[in-house]
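Taking the numbering used here, the leading residue of the sequence shown gets 392, the next gets one more, and so forth.
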Amino acid sequence: MMSSRDRASLSFVERHGLWTDEQVRLAAEAAKEIEDRKLELVRFSFPDQHGVLRGKTIVAAEAAKLMRNGVSMTTTLLAKDTSHKTVFPVFTPGGGFAMPEMQGAADFLMIADPATFRVLPWAPNTGWVLCDIYFPNGKPVPFSTRQIARDQLARLGEAGFDLMAGLEVEFHLYRIENPRLSPADATWPGEPVDVSYIHQGFQLLTEARSDQIEPILEPFWRAVTALGLPFRSLEVELGPSQCEFTFRPEIGLASADMMMLFRSAMKQIARRHGLHCTFMCRPGLPNAFSSGWHLHQSLIERRTRTNAFVSADPARVLPPLARHWLAGLLANARAAAAFTTPTINGYKRYRAYALAPDRVIWGQDNRGVMLRVIGQPGDPATHLENRVGEPAANPYLYVAAQVACGLDGVARRLEPGPSADTPYETEAEMMPTSLGDALAALKDNACFRQAFGQHFVDYYIRIKEAEILRFRSEEKSDTPDVTRWEQKEYFDLF
């Protein structure tokens, strides 16, 4: 038995058995890279409940030790809504969470995942590592969205499959005309920056527009490539100043990690070049178009490493497993919207005849539906494209929601019904028209309460309801137009 002295000499990671052998090896490689490249700083970051990176910057000489022993952060970060205002009574017994670890603004620890270590191309001599979060007693923080995604992927693994997911992300890129840094602009949230467009739009995928913005986008795609992200294409979207990056599919958690790093990199690089990048769905600017995040997905059978969505039946585009998965996504779509479209602004995108879904349907190679089936019987690249998400969504909750819903459909052997060839005329259940509607659907959804846990669902609903209450206190109605409240709330944050 290990003595108390020997146990005290162990790192936090060793005492609680938090790393695999592979992570131990990668941590040693990261420490060597920090030394060999003479890095000066390392950023430790974790994704919060909104999918926003928070963290601290550490001098490089301390980084290897702190990877193993953790960087302290206040638990109040987990109690905040999108305005960064605390919505739980953190100084009451249990901190408003019925958890002693959360009381009194106590600390938690960021523990590095060495597999995510990168050197940032745009920040000289700076490293970066993504972290998981634990209480000082070694327990995982139950509000870690990265852990929720990991748990759902583990459930999928137990069933014999891995998730293969590819990203197709739209965003807006602007020139900053006024950064709004006067004292009067430092409201809470701050006044949104004044911007101008980098192109006028309405020339979808034209070479002329592409060449016009290529010099502007060059530092972005070069940085994304240098980070090792599986970058595939950059595209000019239809709206003014609207662009799209796509990425090759990745297995499991890597796709969500990739989205976190991509969004953070884009926003940081933009500001260093006098630009503003936003993943807010529909910015409150004249003639602006909504942006979406399409999540492509299939299942890889662990035993054979083959695509489980490939149909051997020439009369059916999907095999039974894929049909059940598809049906699970449809059956839980209204509740899942709370995770795929988590902002008030995101619901401005659900409009008929806008290449965005407004109802819960699927179709074969149809861009007007919520779930587009891509492929033919026997096609090894057959997969689903979920077109419902907004680019501001927390990547871990988006991915976790897909797995939870898909597994629910498989467990109940649900069937999706016929393909919708006329998506905006087909009779079907409508998508929620507001964040409040989505939360109402989530409250009573058995799939998510079982998969994510009662505690997390109630926690998430409370945070998002605080967001809605603040909106309603300033805006009297949820109009189709983007309000000033939304612009202040989301334009900079996301």
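Where a beta carbon is used, it is the ideal one built from N, C-alpha and C, also for glycine.
Tell me F435's beta-bridge partners as DSSP assigns them.
Indexing the sequence shown from 1 puts residue 435 at position 44. The partner list for F435 (beta bridge, DSSP) reads K447 and V520.
Short check: CB of A811 to CB of G754, under 9 Å?
As a first step, residue 811 is located in the sequence shown; it is residue number 420 there, counting from the start. As a first step, residue 754 is located in the sequence shown; it is residue number 363 there, counting from the start. Taking 9 Å as the Cβ cut-off, A811 and G754 qualify as a contacting pair.
With distances taken between CB atoms, is the gap from L564 to H475 smaller than 9 Å?
For this step, residue 564 is matched to residue 173 along the sequence shown. For this step, residue 475 is matched to residue 84 along the sequence shown. Not closer than 9 Å, so no.
Tell me, to the nearest whole angstrom, how far the beta carbon of V873 is from that of K739; I am working on the premise that it is less than 8 Å.
As a first step, residue 873 must be located in the sequence shown, where it is residue number 482. As a first step, residue 739 must be located in the sequence shown, where it is residue number 348. With 8 Å as the limit, V873 and K739 qualify as a contact, their Cβ atoms being about 6 Å apart.
Tell me which same chain residues have a C-beta within less than 6 Å of the C-beta of V584, skipping the five on either side of it?
For the purposes of this step, residue 584 is taken as residue 193 along the sequence shown, with counting starting at 1. The answer, listed in chain order, is I567, P570, R571 and H667.
Which word fits T536, buried or exposed, when buried means at least 16 other C-beta atoms lie within 10 angstroms of its C-beta?
In the sequence shown, residue 536 corresponds to position 145, counting from 1. T536 is buried by the Cβ-count criterion.
Please tell me whether A496 and T473 are closer than 9 Å, where the distance is taken between their beta carbons.
If you number the sequence shown from 1, residue 496 lands on position 105. If you number the sequence shown from 1, residue 473 lands on position 82. Contact flag unset, no.
For R714, collect the residues of the same chain with a Cβ closer than 7 Å to its Cβ; drop the 5 residues on either side in sequence, then sort them by chain order.
Position 323 of the sequence shown holds residue 714. Only E806 and P807 meet the Cβ criterion.
Give the range of the beta strand (DSSP E) segment to which Y815 is assigned.
Position 424 of the sequence shown holds residue 815. No beta strand (DSSP E) contains Y815, which DSSP labels as neither H nor E.
Just the Cα atoms here: how many angstroms apart are R696 and D576?
The residue given as residue 696 occupies position 305 in the sequence shown. The residue given as residue 576 occupies position 185 in the sequence shown. Roughly 54 Å separates the two Cα atoms.
Starting from the N-terminal side, write out each stretch of the alpha helix (DSSP H) that is 4 residues or longer and does not extend beyond the stretch 697 to 725.
Segments of the alpha helix (DSSP H) lying fully in the stretch 697 to 725: 711 to 722.
With distances taken between CB atoms, is the gap from P782 to S632 smaller than 9 Å?
Numbered from its first residue, the sequence shown carries residue 782 at position 391. Numbered from its first residue, the sequence shown carries residue 632 at position 241. Not closer than 9 Å, so no.
Quick one: residues in its chain with C-beta nearer than 6 Å to the C-beta of R509, no 5 flanking neighbours on either side, listed in chain order?
Position 118 of the sequence shown, counted from the start, is the residue given in the question as residue 509. The residues are W519 and L618.
Just verifying my parser: in three-state terms, what is the DSSP assignment at F482?
By 1-based counting over the sequence shown, the position of residue 482 is 91. If DSSP states are grouped into helix, strand and coil, F482 belongs with coil.
Specify the secondary structure class of K423 as computed by DSSP and reduced to three states.
In the sequence shown, counting from the first residue as 1, residue 423 sits at position 32. Helix, per DSSP.
Between L629, A599, A795 and L830, which has its C-alpha nearest R541's C-alpha?
Position 150 of the sequence shown, counted from the start, is the residue given in the question as residue 541. Selected option, being the one with the closest Cα: A795.
Using only alpha-carbon positions, find the residue among E426, R445 and L788 that is nearest to F499.
Against the sequence shown, residue 499 aligns to sequence position 108. Nearest C-alpha to F499: R445.
Does the Cβ-Cβ distance between S624 and E635 come in under 9 Å?
Here residue 624 is taken as the residue at index 233 of the sequence shown, counted from 1. Here residue 635 is taken as the residue at index 244 of the sequence shown, counted from 1. Yes, the Cβ-Cβ distance between S624 and E635 is below 9 Å.
For the candidate residues A772, D749 and N777, whose alpha-carbon lies nearest to that of L762?
Along the sequence shown, read from residue 1 onward, the residue named residue 762 stands at position 371. For the residues A772, D749 and N777, the minimum Cα distance to L762 belongs to N777.
Spatial neighbours of T448 within its chain, please: CB distance less than 6 Å, with the 5 preceding and 5 following residues excluded, ordered by chain position.
For the purposes of this step, residue 448 is taken as the residue at position 57 of the sequence shown. These residues qualify, in order along the chain: L432 and R434.
With a threshold of 16 other CB atoms inside 10 Å of the CB of Y733, please say whether the residue is buried or exposed.
In the sequence shown, residue 733 corresponds to position 342, counting from 1. It should be pointed out that residue 733 corresponds to Pro in this sequence rather than to Tyr. Buried, by the Cβ-count rule.
Look at the Cβ atom of D749, then the Cβ atom of M821, and state whether they are nearer than 9 Å.
The residue given as residue 749 occupies position 358 in the sequence shown. The residue given as residue 821 occupies position 430 in the sequence shown. Their beta carbons are under 9 Å apart, which means D749 touches M821 by this criterion.
Would you list the residues sitting across from T477 in a DSSP beta bridge?
Taking the sequence shown and counting its residues from 1, the one referred to as residue 477 is at position 86. Paired residues: K471.
Determine the closest residue to A454 out of T477, A418 and V443, with distance taken between C-alpha atoms.
Against the sequence shown, residue 454 aligns to sequence position 63. When each option's Cα is compared against that of A454, the closest is A418.
Rounded to the nearest angstrom, what separates A745 and E413 at their Cα positions?
On the sequence shown, position 354 is the one that residue 745 refers to. On the sequence shown, position 22 is the one that residue 413 refers to. In a straight line, the C-alpha of A745 is about 46 Å away from that of E413.
I believe I852 touches K834 by the beta-carbon criterion, under 8 Å. Please report the beta-carbon distance rounded to the nearest angstrom.
Here the question's residue 852 lines up with position 461 in the sequence shown. Here the question's residue 834 lines up with position 443 in the sequence shown. I852 to K834, Cβ: 6 Å. Contact.
Hey, could you find the ends of the beta strand (DSSP E) L558 is sitting in?
On the sequence shown, residue 558 is found 167 positions in, with the first residue counted as 1. Element bounds for L558: F552 to N569.
Considering only their Cβ atoms, is the gap separating F611 from A661 smaller than 9 Å?
Position 270 of the sequence shown, counted from the first residue, corresponds to residue 661. Position 220 of the sequence shown, counted from the first residue, corresponds to residue 611. Against a cut-off of 9 Å, the Cβ pair of F611 and A661 comes out as a contact.
For L596, count neighbouring Cβ atoms within 10 angstroms of its own Cβ and tell me buried if that reaches 16, exposed if not.
Start at 1 with the first residue of the sequence shown, and residue 596 comes out as number 205. Its Cβ having fewer than 16 others within 10 Å, L596 is exposed.
Does the Cβ-Cβ distance between M501 and V462 come in under 9 Å?
Taking the first residue of the sequence shown as 1, we reach residue 501 at position 110. Taking the first residue of the sequence shown as 1, we reach residue 462 at position 71. Taking 9 Å as the Cβ cut-off, M501 and V462 qualify as a contacting pair.
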